[in-house]
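Chains V and Z, in that order, give the protein sequences.
Last residue of the first sequence: 423 in my numbering, with the numbers rising by one and none dropped.
Last residue of the second sequence: 846 in my numbering, with the numbers rising by one and none dropped.
Ideal Cβ placement from N, Cα and C applies to all residues, glycine included.
Values in this document were obtained by computation on a predicted structure and should not be read as measured data.
Taking it in order: structure first as structure tokens, then the write-up.
2 protein chains.
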Amino acid sequence: MLTAITTASIITIGDELLIGQTVDTNSAFIAQELNQIGIWVRRRVAVGDRYEDIRQALDEESRSADLILITGGLGPTSDDITKPLLCEYFGGKLVRNESVLKHIEYLFKEVYRRPGPLLDRNIRQADVPDVCEVLPNAIGTAPGMLFRKNGKLFISLPGVPAEMKRLITEQVIPRLVREWTMASILHRTLLTAGAGESILAEALTEFEASLSNSLKLAYLPKFGMVKLRLTYIGPSELEGNALIEEAFPRLAAAVKTWLVTEDDINLEVLIGNWLREHKKTMGTAESCTGGSIASLLTSVPGSSEYFIGSVVSYANRIKVELLDVQQETLLTVGAVSEKAVTEMIQGGLKRLGTDFMVSVSGILGPGGATPEKPVGTIWIAAGSKTRIITRKLNLRFDRARNTVITTHQCLLLLWELLQTNEG
Amino acid sequence: MLTAITTASIITIGDELLIGQTVDTNSAFIAQELNQIGIWVRRRVAVGDRYEDIRQALDEESRSADLILITGGLGPTSDDITKPLLCEYFGGKLVRNESVLKHIEYLFKEVYRRPGPLLDRNIRQADVPDVCEVLPNAIGTAPGMLFRKNGKLFISLPGVPAEMKRLITEQVIPRLVREWTMASILHRTLLTAGAGESILAEALTEFEASLSNSLKLAYLPKFGMVKLRLTYIGPSELEGNALIEEAFPRLAAAVKTWLVTEDDINLEVLIGNWLREHKKTMGTAESCTGGSIASLLTSVPGSSEYFIGSVVSYANRIKVELLDVQQETLLTVGAVSEKAVTEMIQGGLKRLGTDFMVSVSGILGPGGATPEKPVGTIWIAAGSKTRIITRKLNLRFDRARNTVITTHQCLLLLWELLQTNEG
């Protein structure tokens, strides 16, 4: 009998993952959650809706992992072959589960508000292998299923992200913690900006050489910044904490020049926390980013406490009419200029009545370039009534990546301003 | 010797994928590109930066695939162990490649503008196994590498998305097409809205029964809509085209009630194309979505032709001051109301001077609910000077999913309006 779980494999099922129509965000979520309770995800495998491929994955992954987590393939349509396959694989037969059926009836009647009797294919979602334990899916029709075979644990979950997430946090994790023993996996992460991986690695040569065998340092470049992550995997949370407590301050000291924060939080949360704490407000005046900065800032729950609003002035006319940019500025130096983003800050502070603003105007590509202003020429600014700082970016990526890097550079610039804020 | 390529496996290397710190977007891109030239990706595997796990993946994946694509693990830091491992696996030794070294020098001097001599770790990025063919990386320091072993083809690429993408489109794909024979894989996709998977499947029972064995139908739920994809895999592009030509119109007819578009394009592109064609403009007035709709619309290259701008009125004060929402509306029925989103359309049309507007105000969660307006209560509107349509959503997901579904529901509502537009 399986009493301790050390490693897991995640199997995601669905052709859409193999033809590139869908990006697999489920695996990242599951890995994160398992990690937090001390289960190391050794492999992730994606296979299509094909009988032999799913079987092969089940065989192979159960060879090296204690826990096999399967998502996808449980919908009501005929391209979903997973349930009969699982039934056969674990040697059971499909039986109707009355409590699942009741739940499906409830969902269709009360939540989806679909009149009329259930379709056969929906009723069949209540059929589960008689060798599994059912994990109730509070917000969807396909239940989770838990199987045991050859001392390994298999858990099958629907692929719809919201349903999978809820099953993981409310059913799977509590269950695992209650019934099995796990190792300790601890992470601590800090965020740097302004130095590439090589420069950081150079600054960290001595630190890395000094590192205990149970600790591992990873470099995670993201949005033009680099996260550094220290990880402990071992038997003892106590030991892990002690080792990280000792090493982490040395890590932070070694990269002090580029350190943004020692907390594992995103820039938008970091800035939000500061504004909330200092009872200040902010807004954005965006041209080329088209609302991405505002969208990122408001993705944080509770951001309405400090985020007031935004003017997306995609057309130059709006820069003049809603942000008081001077016609003359547009005619002489143009919208992609230090002067324009400075005026956007000033206009935004007035029109939105905020304490702080960020602004941006640039050419993200692929079109819009001029001989003097190639694609990737972007002016950004951050400011308050007393101080405005500006920066020029020269990016060389595609439109999507230029947008996301610009968005984060704007937040970095604002963070720089907030750090030096006197009032 | 390998002359034809039928199947591929993608191996992504990096601990960050297994602890959930990074979502793997590379695999989706690679799968898409390989698919277009007729290579079926049978499996995708993610493993950590561990010697034995990478070796195991190389062994296993080369058993069932003709082409093994490897990304990640090639950076300049010491957590990257892939290159020495590949060198050993393919029986070569590391030698300095002078043309790669020159390129690295060029990048540091001219592109990154880093003064001073190269670091050792950067120079070492020019060391490649003498048994590989180098694939030059135009925008990064780590080159791609192509190996052959036991009649299989292995291609190793850096994990930085922009570098990987450029290597795939400019080096890998042309090379594969030139030197190997591939099958035909054809897809055709349409977009539906307003019906769940089960209802669609019910409407398609007859259609699915009639489908040729070489064709496969897939249901892809996304953002509260469902894409339907017809796929042909077989020896002949001619046959595939003929089969799809025959089946696709029947598919479209069977789901006519819910059909949004028969083209495989996103809503934001569909709307953009319509506006460009009709020489009309639009803008957004957003509260709870915080600029997400504007951000999605402006993610389309060339959107400045029809997208004018946006007012993100996160605070109620901004709704009044920049969108002319009546104080009385806010005091009586509140910001989350049909009246408020209607006034936001009217104010937006006037302030931004556009032909069309969408607006939205709601409670995305987790906070902000009242007894009358629970989390997920969202009013949306789309309008022109002559007509405004509104809709109330009752969503039941988390903040992120509520945001993305609301964003797409706003675009759907606008599309509905555009379809009935007279002038």
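Neighbourhood of Leu623 (chain Z) by C-beta distance below 8 Å, restricted to the same chain and skipping five residues each side: Here residue 623 (chain Z) refers to the residue found at position 200 of the second sequence. Here the set comprises Thr615, Tyr642, Val649, Leu651, Val678, Trp681.
Is Ser782 (chain Z) closer than 8 Å to Gly791 (chain Z) when the C-beta atoms are compared? Along the second sequence, one-based indexing puts residue 791 (chain Z) at 368. Along the second sequence, one-based indexing puts residue 782 (chain Z) at 359. Cβ distance not < 8 Å, so Gly791 (chain Z) and Ser782 (chain Z) don't count as in contact.
If I measure Cβ to Cβ from Glu170 (chain V) and keep anything under 8 Å in the same chain, skipping five residues before and after, which residues do I get? Locating residue 170 (chain V) in the first sequence gives position 170, where the first residue counts as 1. Hits under 8 Å: Ala138.
Under 8 Å from the C-beta of Val783 (chain Z): neighbouring residues of chain V: For the purposes of this step, residue 783 (chain Z) is taken as the residue at position 360 of the second sequence. By Cβ distance, chain V contributes nothing, its closest Cβ being about 12 Å from Val783 (chain Z), past 8 Å.
Is Gln32 (chain V) closer than 8 Å to Glu442 (chain Z) when the C-beta atoms are compared? Taking the second sequence and counting its residues from 1, the one referred to as residue 442 (chain Z) is at position 19. Taking the first sequence and counting its residues from 1, the one referred to as residue 32 (chain V) is at position 32. Before going on, a small fix: residue 442 (chain Z) reads as Ile here, not Glu. The answer is yes: Cβ separation under 8 Å.
Going by DSSP, name the residue or residues bridged to Ser149 (chain V). Taking the first sequence and counting its residues from 1, one reaches residue 149 (chain V) at position 149. The amino acid at residue 149 (chain V) is misidentified as Ser; the sequence shows Lys. Beta-bridge pairing links Lys149 (chain V) to V:Lys152.
Listed by chain order, chain V residues near Gly806 (chain Z) by CB distance under 8 Å: To locate residue 806 (chain Z), count along the second sequence from 1; it is residue 383. The premise fails here: Gly806 (chain Z) is roughly 18 Å from chain V at the closest Cβ pair, so nothing lies under 8 Å.
What are the residues that DSSP puts in a beta bridge with Leu653 (chain Z)? What you label residue 653 (chain Z) is simply residue 230 of the second sequence in a count that begins at 1. According to DSSP, Leu653 (chain Z) bridges with Z:Arg611, Z:Leu640.
Can you find a C-beta in chain Z that's less than 8 Å from the C-beta of Leu107 (chain V)? Start at 1 with the first residue of the first sequence, and residue 107 (chain V) comes out as number 107. Leu107 (chain V) does not count as touching chain Z.
In chain order, what residues of the same chain have a beta carbon less than 8 Å from the beta carbon of Ile453 (chain Z), not counting five sequence neighbours either side? The residue given as residue 453 (chain Z) occupies position 30 in the second sequence. Only Ile433, Val464, Leu492, Thr494, Met587, Ile591 meet the Cβ criterion.
By the three-class DSSP mapping on this structure, what secondary structure does Gly846 (chain Z) have? Stepping through the second sequence from its first residue, residue 846 (chain Z) is reached at position 423. Confidence at Gly846 (chain Z) is low in this model, with a pLDDT of 45, below 50, so the placement of that residue is unreliable and no value is reported for it.
Would you identify the three-state DSSP class for Ser295 (chain V), choosing helix, strand or coil? Locating residue 295 (chain V) in the first sequence gives position 295, counting from the first residue. Three-state result, Ser295 (chain V): helix.
I'd like to know whether the C-beta of Tyr447 (chain V) is nearer than 8 Å to at least one C-beta of chain Z. The structure shown has nothing for residue 447 (chain V), since chain V only spans 1 to 423.
Own chain partners of Asp778 (chain Z) with C-beta closer than 7 Å, once the 5 adjacent residues on each side are dropped: Sequence index remark: in the second sequence, residue 778 (chain Z) carries index 355 (1-based). Hits under 7 Å: Lys703, Thr704, Met705, Ser807.
With DSSP run on the structure shown, which of helix, strand or coil describes Phe223 (chain V)? If you number the first sequence from 1, residue 223 (chain V) lands on position 223. DSSP places Phe223 (chain V) in coil when its eight states are reduced to three.
Would you report the Cα separation of Thr430 (chain Z) and Ile462 (chain Z), rounded to the nearest angstrom? The residue you call residue 430 (chain Z) lines up with position 7 of the second sequence. The residue you call residue 462 (chain Z) lines up with position 39 of the second sequence. Looking at the two C-alpha atoms, the distance is approximately 6 Å.
So Val45 (chain V) contacts chain Z; which residues on that side make the cut at Cβ distance below 9 Å? Within the first sequence, residue 45 (chain V) is the residue found at index 45, counting from 1. Result: Arg466, Arg467, Val468, Ala469.
Quick one: which chain Z residues come within Cβ less than 7 Å of Asp24 (chain V)? Your numbering for residue 24 (chain V) matches position 24 in the first sequence. What Asp24 (chain V) touches in chain Z: Asp447.
Roughly how far, in whole angstroms, is the beta-carbon of Ala400 (chain V) from the beta-carbon of Ser722 (chain Z), given that I think they are within contact range, below 8 Å? For the purposes of this step, residue 400 (chain V) is taken as residue 400 along the first sequence, with counting starting at 1. For the purposes of this step, residue 722 (chain Z) is taken as residue 299 along the second sequence, with counting starting at 1. Ala400 (chain V) to Ser722 (chain Z), Cβ: 7 Å. Contact.
Write down the C-beta distance between Ser313 (chain V) and Val341 (chain V) rounded to the nearest angstrom, noting that I regard them as a contact closer than 8 Å. Stepping through the first sequence from its first residue, residue 313 (chain V) is reached at position 313. Stepping through the first sequence from its first residue, residue 341 (chain V) is reached at position 341. Rounded, the Cβ-Cβ distance is 11 Å, inconsistent with contact.
Bridge partner(s) assigned by DSSP for Phe730 (chain Z): For the purposes of this step, residue 730 (chain Z) is identified with residue 307 of the second sequence, where counting begins at 1. Looking at the DSSP assignment, Phe730 (chain Z) forms a beta bridge with Z:Met705.
Closest Cβ-Cβ distance between His408 (chain V) and chain Z: below 8 Å? Locating residue 408 (chain V) in the first sequence gives position 408, counting from the first residue. Answer no: the Cβ-Cβ gap between His408 (chain V) and chain Z never drops below 8 Å.
Can the beta-carbon of Leu215 (chain V) be found closer than 8 Å to that of Leu243 (chain V)? The sequence position of residue 215 (chain V) within the first sequence is 215, counting from 1. The sequence position of residue 243 (chain V) within the first sequence is 243, counting from 1. Closer than 8 Å, so yes.
Beta strand (DSSP E) segments (min. 3 residues) lying fully within the region 476-525 of chain Z: 490-494, 517-519
Could you check the C-alpha separation between Val924 (chain Z) and Arg44 (chain V) for me, to the nearest Å? Shown here, chain Z extends from 424 to 846; a query on residue 924 (chain Z) therefore has no answer.
Take Ala488 (chain Z) and list the residues in its own chain whose beta-carbon comes closer than 8 Å to its own, dropping the five residues that flank it on each side. Counting from 1 along the second sequence, the entry for residue 488 (chain Z) is found at position 65. Around Ala488 (chain Z): Thr430, Ala431, Ser432, Arg465, Arg466, Lys575.
Give the secondary structure of Ala183 (chain V) by DSSP, where H, G and I count as helix, E and B as strand, and everything else as coil. As a first step, residue 183 (chain V) must be located in the first sequence, where it is residue number 183. Ala183 (chain V) falls in the coil class under three-state DSSP.
Can we say the region 380-395 of chain V touches the region 405-412 of chain V, given the rule of at least three CB pairs closer than 8 Å? yes
Taking Cβ-Cβ distances shorter than 9 Å, what residues in chain Z pair up with Leu322 (chain V)? As a working mapping, residue 322 (chain V) is identified with position 322 in the first sequence. By Cβ distance, chain Z contributes Gly732, Val734, Leu745, Arg774, Leu775.
Output yes if chain V places a C-beta closer than 8 Å to the C-beta of Ala717 (chain Z); else output no. Here residue 717 (chain Z) corresponds to residue number 294 of the second sequence, with the count starting at 1. Closer than 8 Å to some Cβ of chain V, the Cβ of Ala717 (chain Z) qualifies, so yes.
Less than 8 Å between the CB atoms is what I'm expecting for Pro136 (chain V) and Leu94 (chain V), so what's the real figure, rounded? Taking the first residue of the first sequence as position 1, residue 136 (chain V) is located at position 136. Taking the first residue of the first sequence as position 1, residue 94 (chain V) is located at position 94. Not confirmed; about 18 Å, so no contact.
Tell me which residue opens and which closes the beta strand (DSSP E) that Pro552 (chain Z) is part of. In the second sequence, residue 552 (chain Z) corresponds to position 129, counting from 1. 550-552 is the extent of the beta strand (DSSP E) around Pro552 (chain Z).
Rounded to the nearest angstrom, what separates Val470 (chain Z) and Glu483 (chain Z) at their Cα positions? On the second sequence, position 47 is the one that residue 470 (chain Z) refers to. On the second sequence, position 60 is the one that residue 483 (chain Z) refers to. Roughly 12 Å between the two C-alpha positions.
Distance between Leu841 (chain Z) and Lys373 (chain V) (C-alpha atoms, nearest Å): Looking up residue 373 (chain V) in the first sequence gives position 373. Looking up residue 841 (chain Z) in the second sequence gives position 418. Cα to Cα, the separation comes out at about 36 Å.
Between His187 (chain V) and chain Z, is there a C-beta pair that is closer than 8 Å? Taking the first sequence and counting its residues from 1, one reaches residue 187 (chain V) at position 187. So yes, His187 (chain V) belongs to the interface.
Measure the C-alpha to C-alpha separation of Tyr512 (chain Z) and Phe671 (chain Z) and round it to an integer number of angstroms. Counted from its first residue, the second sequence places residue 512 (chain Z) at position 89. Counted from its first residue, the second sequence places residue 671 (chain Z) at position 248. Looking at the two C-alpha atoms, the distance is approximately 46 Å.
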